[in-house]
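Chemist:
Number of protein chains: 2
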Amino acid sequence: MPRLIAASAPSNAYGRAVRALILNAAGELALVDDQPDPIPSAAEALIHVKRAGICDTDLQLVRGYAGFAGVLGHEFVGVVDQADPELAGQRVVADINIGCGACPRCSHGDGHHCPDRTTLGIRSRPGCFADRVAIPRRNLVRVPDSVDDDLAVFAEPVAAALHVLDELDPRAAGERIDVLGDGKLGLLISLALAASGRQVRTIGHHRAKLELAAAAGVAATALEHELAASDQRSSAVVVEATGHPSGLARALWLARPRGLVILKTTSAAPIPVDLSAIVVNELRVVGSRCGDMHRAVDLLAQQRLDPRPMIAATMALAQAPAALEHAGQRGVLKVLLRM
Amino acid sequence: MPRLIAASAPSNAYGRAVRALILNAAGELALVDDQPDPIPSAAEALIHVKRAGICDTDLQLVRGYAGFAGVLGHEFVGVVDQADPELAGQRVVADINIGCGACPRCSHGDGHHCPDRTTLGIRSRPGCFADRVAIPRRNLVRVPDSVDDDLAVFAEPVAAALHVLDELDPRAAGERIDVLGDGKLGLLISLALAASGRQVRTIGHHRAKLELAAAAGVAATALEHELAASDQRSSAVVVEATGHPSGLARALWLARPRGLVILKTTSAAPIPVDLSAIVVNELRVVGSRCGDMHRAVDLLAQQRLDPRPMIAATMALAQAPAALEHAGQRGVLKVLLRM
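Here you go:
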């Protein structure tokens, strides 16, 4: 990890040092102010981060998920450095997966599954909880002026939310999607799918959060009510977005025979699963990770989706450790960092 | 359970008693010889069972899976009673799922997932490890003379094996299917898919069984070799048919990103699963249960599939408890009962 946490190294050719939130190999978080400025390669742009969002995955990484160490963070909006030969001054978000560009996966346009990919702040690449970050130009997506920073910072999780659409049977576009979970992941998926014209129902157990979904025009129902009222499996599509080990079992219980369960929760620990429920009811359980950033930016630009009511706090990068702690509190929705 | 295990009740209007292998609610197996003869309803036929097959599901039921009590058995070939007004003397096999015929599922032709279905020897209906069994006529499939009893008794598991085809992307018909498991389930799936023209590889660790697959023209490879040789996920399709709790983890390990894992193993106990492997690699995990009996009988009649080398023993119904014990021994393939 010398490139990532050599906090005592001299600043680089750009002559500057940056502040960054570092997760070290011992699982300790530290804000440093002498991280060497990233040096973009010829294919990369240097981005000045303006806003970054804290995601449950960041909290999982701190708990040891995926074995990552380095600069955390993968949700951001920023501005390309003025010295950039191609994109100087552009406001951008980014696809966080960086494929090798040469393997069969990449050749087929699927860098998200390149075996040698890096992923911003998650896998072998410094993240965006820093003043500046270097990212390949081909991963950048320009943000229209109509989409402000507080909206644009949601582009990455909105892309992941909309990726649910890629798993749905196009012949069943009118079918209701049940989103299990009213945390930041579940709510954003609910809002994004509803903004895309889908019939959505959020199932959770936090009244204030369900009201937030309802205010965005999404049907919302209490989990307790659903578990008590249903005497048979009835959901055609369940998105498991609880972030909780019990989520899958509940999703399997809600799904009707031959139904679809889309898994969004990642977690460090193996979870006991009743496989016979999957076999006997012939359920389809599909994992879903990152999505198309262009689709997300387009939806945000259409003013049909506004997740800003989910922002619980915006804190300075200097307060990043406290911001992560706040984001991990029960019931707290989106916490943003401003640089 | 009075209808099923009232072993001391007088024989019924047919004036006969039948022998049957009973699993009682305490999980005890007993062969009785005074079970009341089944009385077919107007929609049912009375079948004289000729051969029955012991399946891993039967062994699981004895261990408490699905909470079944009653006459065991769901794989059979038999002859319709001579007194039957429609089908007298026909040699038949049967779809083992009996839907209510009235619910929305049944109305859409999906009695396999009728919430009120019964399933022969598995769910609320006496099975075929008995001299005679009553089954709805609409569930029966006639067996051509060219298919002998030892072949026909495989129709039900062959139908389940071929049901794997229903989950495959028709655009990828040339893609290899990796079948994980060389027990009776895995081997039969391998043989049936190969007989259907698919490229199949059986992955197991029993040399004699892998040789049996190879003799049927299926590529076979040792699990140890596969685990050692592969340094990356490469299977487009993995059928998990190990019958073992470790099977799913191995299947998830073998599957390439966006790959398909078809689950065939049912088991009584929840199994720890690394859900993040499913999410990060965006795998599809699909449960697969029973299949189309007509398709199975057609394949058997075409003489392209001969699972008879899998028969380890054929034992008299009177020896049924010993036969189940034999079938549960390590390495024993198909054990048949003859009536």
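Taken in sequence, the protein lines are chains A and B. Residues in the first sequence are numbered consecutively from 1, following UniProt numbering. Residues in the second sequence are numbered consecutively from 1, following UniProt numbering. Glycine is no exception: its CB is placed at the ideal position from the N, C-alpha and C atoms.
#1: Would you say residue 192(A) lies against chain B (beta-carbon separation less than 9 Å)?
#2: I'd like to know whether the C-beta of residue 280(B) is nearer than 9 Å to at least one C-beta of chain A.
#3: Counting pairs of Cβ atoms below 8 Å between the segment 201-211 of chain B and the segment 143-161 of chain B, do you hit three or more?
#4: Does residue 206(A) get closer than 9 Å to chain B when you measure Cβ to Cβ?
#5: Any idea if residue 107(A) is buried or exposed, counting beta-carbon neighbours within 10 angstroms, 16 or more meaning buried?
#6: Fully enclosed by the segment 131-193 of chain B, which alpha helix (DSSP H) runs are 4 residues long or longer?
#7: Within its chain, find whatever has a CB closer than 6 Å to the CB of residue 198(B); leave out the 5 residues flanking it on each side and keep chain order.
#8: Can you give me the C-alpha to C-alpha distance between residue 270(B) and residue 95(B), rounded to a whole angstrom?
#9: Enumerated in chain order, which unbroken segments of the beta strand (DSSP E) with a length of 3 residues or greater are wholly contained in the UniProt domain "Alcohol dehydrogenase-like C-terminal" (186-297) of chain A?
#10: With a cut-off of 9 Å, does the C-beta of residue 287(A) fall near any C-beta of chain B?
#11: Closest Cβ-Cβ distance between residue 236(A) and chain B: below 9 Å?
#12: Taking the straight line between their C-alpha atoms, what separation do you get for residue 292(B) and residue 259(B)?
#13: I'd like to know whether the C-beta of residue 59(B) is nearer than 9 Å to at least one C-beta of chain A.
#14: In terms of residues, what are the limits of the alpha helix (DSSP H) holding residue 105(B)?
#15: Quick check: what's the CA-CA separation for residue 317(B) versus residue 73(B)?
#16: Can you list, in chain order, the residues of its chain with a C-beta nearer than 8 Å to that of residue 226(A)? Leave out the 5 residues immediately preceding and following it.
#17: Alpha carbon to alpha carbon, how far is residue 288(A) from residue 275(B)?
#18: For residue 166(B), does the count of other Cβ atoms within 10 angstroms reach 16, so buried, or fall short, so exposed?
#19: Suppose contacts are defined by Cβ-Cβ distances below 9 Å. Is residue 168(B) in contact with residue 175(B) by that definition?
#20: Within the 9 Å Cβ cut-off, does residue 221(A) reach chain B?
#21: Closer than 8 Å, Cβ to any Cβ of chain B: which residues of the segment 138-171 of chain A, in chain order?
#22: Keeping to the same chain, check which residues put their C-beta closer than 8 Å to that of residue 284(B); ignore five residues upstream and five downstream.
#23: So the beta strand (DSSP E) residue 48(B) belongs to, where does it begin and stop?
#24: Quick one: which chain A residues come within Cβ less than 7 Å of residue 258(B)?
#25: Assess contact between the segment 75-83 of chain B and the segment 127-137 of chain B, defined as three or more Cβ pairs (one per stretch) separated by less than 8 Å. Is contact present?
#26: Less than 9 Å between the C-beta atoms of residue 309(B) and residue 212(B), yes or no?
#27: How big is the Cα-Cα spacing for residue 328(A) and residue 65(A)?
#28: State the DSSP-derived secondary structure class of residue 60(B), mapped to helix, strand or coil.
#29: Reducing DSSP to helix, strand and coil, say where residue 85(A) ends up.
#30: Would you report the Cα separation of residue 330(A) and residue 299(A), rounded to the nearest angstrom?
#31: If residue 134(B) sits next to residue 337(B), beta carbons under 8 Å apart, how far is it from one beta carbon to the other, in whole angstroms?
#32: Using a Cβ-Cβ cut-off of 7 Å (strictly less than) and excluding sequence neighbours within five positions of residue 325(B), which residues of its own chain qualify?
#33: For residue 57(A), which residues from the same chain have a beta carbon less than 8 Å from its beta carbon, with the 5 sequence-adjacent residues on both sides left out?
#34: Say whether chain A places a C-beta atom closer than 9 Å to the C-beta of residue 177(B).
Modeler: In short:
#1: no
#2: Cβ-Cβ to chain A under 9 Å: yes for residue 280(B).
#3: no
#4: When Cβ-Cβ separations below 9 Å define contact, residue 206(A) makes no contact with chain B.
#5: exposed
#6: 149-152, 155-162
#7: 177
#8: 28 Å
#9: 200-204, 219-222, 235-240, 255-263, 271-273, 284-287
#10: Yes - at least one Cβ of chain B is within 9 Å of the one on residue 287(A).
#11: Not an interface residue.
#12: 25 Å
#13: no
#14: 104-107
#15: 11 Å
#16: 203, 254
#17: 11 Å
#18: exposed
#19: yes
#20: Output row for residue 221(A): interface = no.
#21: none
#22: The beta carbon of residue 284(B) lies closer than 8 Å to those of 258, 259, 260, 261 in the same chain, with the five residues before and after it left out.
#23: Looking at the DSSP string, the run of the beta strand (DSSP E) that includes residue 48(B) is 44-53.
#24: 113
#25: yes
#26: yes
#27: Each residue's alpha carbon lies about 15 Å from the other.
#28: Reduced to three states, the DSSP call for residue 60(B) is helix.
#29: Residue 85(A) sits in coil when the DSSP states are folded into three classes, being neither helix nor strand.
#30: Cα-Cα distance, rounded: 29 Å.
#31: In fact, because the Cβ distance is near 18 Å, the residues do not count as touching under 8 Å.
#32: Excluding sequence neighbours, residue 325(B) sits near nothing in its chain.
#33: 65, 74, 122, 266
#34: Taking Cβ atoms only, chain A never reaches closer than 9 Å to residue 177(B), which makes this a no.
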